[in-house]
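Here the structure comes first, spelled out in structure tokens, and everything after it is commentary.
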Amino acid sequence: MQYPVAWYGGMLYLQDGVGNALALRASTGARVWTAPLSEYGWSPTVVDSTGVWIGFDDIAWHHLDLRTGAELHRFEVPDIWGAYGNPVALGAGALWVRGSKGSDPTVTAYDRKTGAAVRALPADATPAFGPGRVYVAHQGKVRALSTSTYKAAWTYTSSVGAATVRLVANGHVYVQDADGRLVVLDDRTGKAVWSYRLHPAPHPRTRIVAEDDWRGFVPPGIATARGRLFVPGAEGTLIGFGKG
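Numbering (my numbering), first residue to last: 11 to 254.
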């Protein structure tokens, strides 16, 4: 299986890429349930207390019961497209899905129960959320927006016009800049705290698309645990960062 796994409450949730969602017991790997999906996909699985959320192209998302895999909701939205199977993001009381109509990429917030569109913002990468904020990237500009006013508190700009917010945790915003660096920003000010080069800088003529760029970024890919940060690097490596 080549699809990101979500851990929640002692269980692992994922999809197998051939049309099924799976729930495995984290301690033993035993399969608890299998649920058929409406199509094949490869997006990360998102889990919260209300269930398992899986996004797709065209068919926007499935919402499955945590314990049984039974389908709670399924919403179909036309003209939806996103890198890596259109991953969903949960935040600000809504479900956010990337979309693309022509050359105008957006991310749209949908009501979780009705599927009604609530808000749309320019974006070419899946958004990330922190307390009272949504972090949205568009054409290399990462904006920290208030989830009450949607005004920007600060903006980070990539030198190559493409960036993706991978994680928001512990007062920091972790940006994978398509110039090859991991850039860690202060979530209050947007100032860079530190950075690390994961890959060589791309050739100036390389066409780079956020979240589906020349390095084949797969969201989310970055995690924190017990004071350490874990980041995938070049040539299949995993890098662990500690307090320096």
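Glycine residues also receive a C-beta, built at the ideal position from the N, C-alpha and C atoms.
Can you name, in chain order, every residue of its own chain whose Cβ lies under 6 Å from the Cβ of residue i, other than the five neighbours on each side?
i, result
"Thr-44", "Asn-30 and Leu-32"
"Gly-19", "none"
"Leu-22", "Val-15, Leu-34 and Ala-36"
"Gly-250", "Arg-238 and Phe-240"
"Ala-244", "His-209"
"Gly-125", "Phe-85"
"Val-57", "Ala-16, Tyr-18 and Tyr-23"
"Ala-163", "Ala-154"
Please check the pair residue i and residue j, which I expect to be a contact at CB under 8 Å, by giving their CB distance rounded to whole angstroms.
i, j, result
"Trp-52", "Leu-105", "19 Å between Cβ atoms; not a contact."
"Val-152", "Val-185", "6 Å"
"Ser-168", "Ala-188", "6 Å"
"Thr-118", "Glu-221", "Not confirmed; about 16 Å, so no contact."
Quick one: Cα of residue i to Cα of residue j, how far?
i, j, result
"Phe-227", "Val-42", "Unreliable placement is indicated for Phe-227, whose pLDDT of 49 sits below 50; the coordinate value is still reported in the next sentence. Looking at the two C-alpha atoms, the distance is approximately 30 Å."
"Gly-246", "Gly-190", "15 Å"
"Arg-238", "Leu-248", "12 Å"
"Val-15", "Phe-139", "19 Å"
"Arg-35", "Lys-161", "42 Å"
"Lys-123", "His-83", "8 Å"
"Ala-130", "Ala-233", "27 Å"
"Val-175", "Val-146", "8 Å"
"Tyr-166", "Gly-150", "8 Å"
"Ala-202", "Ala-40", "43 Å"
"Thr-55", "Pro-97", "8 Å"
"Pro-46", "Ala-172", "35 Å"
"Ser-59", "Thr-78", "14 Å"
"Arg-215", "Val-170", "10 Å"
"Trp-63", "His-73", "5 Å"
"Arg-217", "Leu-76", "40 Å"
"Gly-200", "Phe-66", "32 Å"
"Gly-231", "Gln-25", "16 Å"
"Ala-80", "Leu-195", "40 Å"
"Ser-48", "Asp-68", "11 Å"
"Ala-127", "Leu-100", "14 Å"
The beta strand (DSSP E) that contains residue i, what's its start and end?
i, result
"Asp-134", "Here Asp-134 belongs to no beta strand (DSSP E), and DSSP marks it neither H nor E."
"Phe-66", "Looking at the DSSP string, Phe-66 is not in any beta strand (DSSP E), and its letter there is neither H nor E."
"Gly-51", "First-last for Gly-51: undefined, no H or E at that position."
"Glu-81", "81-85"
"Val-170", "It is not in any beta strand (DSSP E) - Val-170 carries neither H nor E in the DSSP assignment."
"Thr-234", "233-235"
"Ser-205", "202-207"
"Arg-259", "For residue 259 there is no data in the structure shown, the boundaries of the chain being 11 and 254."
"His-148", "143-148"
"Arg-238", "238-242"
What does residue i pair with, by DSSP beta-bridge criteria?
i, result
"Asn-30", "Pro-46"
"Ile-218", "Answer is none; Ile-218 lacks a bridge partner."
"Thr-165", "Arg-153"
"Ser-158", "Ser-158 is not bridged to any residue."
"Asp-121", "Ala-104"
"Val-57", "Val-62"
Could you name the residues of the same chain whose beta carbon sits closer than 7 Å to that of residue i, not counting the 5 residues immediately before and after it, in chain order?
i, result
"Pro-210", "Gly-190"
"Leu-192", "Tyr-184, Gln-186, Ser-205, Tyr-206, Leu-208 and Val-241"
Give me, in chain order, the residues of the same chain whose beta-carbon lies closer than 8 Å to that of residue i; leave out the 5 immediate sequence neighbours on both sides.
i, result
"Asp-197", "Gly-140, Arg-143, Ala-154, Val-178, Gly-181, His-182 and Val-183"
"Pro-115", "Arg-108, Gly-109, Pro-132, Ala-133, Asp-134 and His-148"
"Tyr-253", "Before going on, a small fix: residue 253 reads as Lys here, not Tyr. Cβ neighbours of Lys-253 beyond the five flanking positions: Gly-237."
"Gly-103", "Arg-122"
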